[in-house]
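What follows is a single structure, written as structure tokens, with notes after it.
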Amino acid sequence: MEIILITDIAGVGYKNDIVTVKAGYGRNYLIPQGFALLANASNRKIVAENVRQASHKAEKLKKDAEEIAAAIGDLTIDIKTVVGESGRIFGRVTNTQVADVLKAKGFNIDRKKITLDDVKSIGTYSATIDLHKEVKHKIALNVIAQED
């Protein structure tokens, strides 16, 4: 089933993309929740007009994302967590923790835009921030033991 996405959906596509999904996923979830439209001729025409109007705005968003990536630069974030005797962490380091540290440093980035490597012990890891569909930025995470 072909649908037109109204919002960005992780693993499916970005806003105004025409994608093919399984019929049940489209009919029972995406369309009723307002995340997508059926890709018929009239909806394609409406979306094409919206895309033309939004092209200037998209260029500005990409430029803003590139500026944020440049401002972040080679930033290294320290994440403090509880560690056992063997150096393994209790729980896990989440994208919410990374987003909170970035917010404290002046970067307001949604946690859903941050993907992490699997963090199991103290050390240095990387995280990817999806600032725009064409702009992704990697930052370093330094996972350290929390002092009691």
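Following the UniProt record's numbering, the numbering of the sequence shown begins with 1 at its first residue and continues without gaps. Ideal placement from N, C-alpha and C gives every residue a C-beta, glycine not left out.
ask   = So, is residue 29 buried or exposed, given that buried needs 16 or more other C-beta atoms within 10 angstroms?
value = Looking at its Cβ environment, which holds fewer than 16 other Cβ atoms inside 10 Å, residue 29 is exposed.
ask   = Do you know offhand how far residue 127's Cα is from residue 139's?
value = Going by the C-alpha atoms only, they are around 5 Å apart.
ask   = Taking just the CA atoms, how far does residue 3 sit from residue 92?
value = Near 36 Å, if we compare the C-alpha coordinates of residue 3 and residue 92.
ask   = Counting Cβ pairs, one atom from each stretch, are 3 or more of them under 8 Å apart for the stretch 112-126 and the stretch 39-53?
value = Touching, no, given that fewer than three Cβ pairs across the two stretches are closer than 8 Å.
ask   = How close, in whole Å, do the beta carbons of residue 141 and residue 82 come, if the pair is a contact with beta carbons under 8 Å?
value = In this structure, residue 141 and residue 82 do not form a Cβ contact; the two beta carbons are roughly 16 Å apart against a cut-off of 8 Å.
message = Taking DSSP's pairing of strands, which residues face residue 55 in a bridge?
response = DSSP output for residue 55 lists no bridge partner at all.
message = So, at 6 Å on beta carbons, what are the nonlocal neighbours of residue 130 in its own chain, with the 5 sequence-adjacent residues on each side left out?
response = So the list reads 113, 136, once near-sequence residues are dropped.
query = Looking only at C-alpha atoms, which of 144, 133, 145, 143 sits nearest to residue 12?
reply = Out of 144, 133, 145, 143, 133 has the C-alpha closest to the C-alpha of residue 12.
ask   = Whose C-beta lies closer than 8 Å to the C-beta of residue 110 among residues of the same chain, with five residues either side of it excluded?
value = These residues qualify, in order along the chain: 99.
request  = For the stretch 68-105, list the alpha helix (DSSP H) runs that are entirely contained and at least 4 residues long, ordered along the chain.
outcome  = Whole alpha helix (DSSP H) segments, 4+ residues: 95-104.
request  = Could you please give the first and the last residue of the uninterrupted beta strand (DSSP E) stretch that includes residue 2?
outcome  = From DSSP, the beta strand (DSSP E) with residue 2 extends over 2-5.
key: Three-state secondary structure assigned by DSSP to residue 122   = In the three-state DSSP reduction, residue 122 falls in the coil class, being neither helix nor strand.
6 Å Cβ shell around residue 101 - same chain, five flanking residues per side excluded = A distance below 6 Å between beta-carbons, with the five flanking residues on each side excluded, links residue 101 to the following residues of its chain, in chain order: 77.
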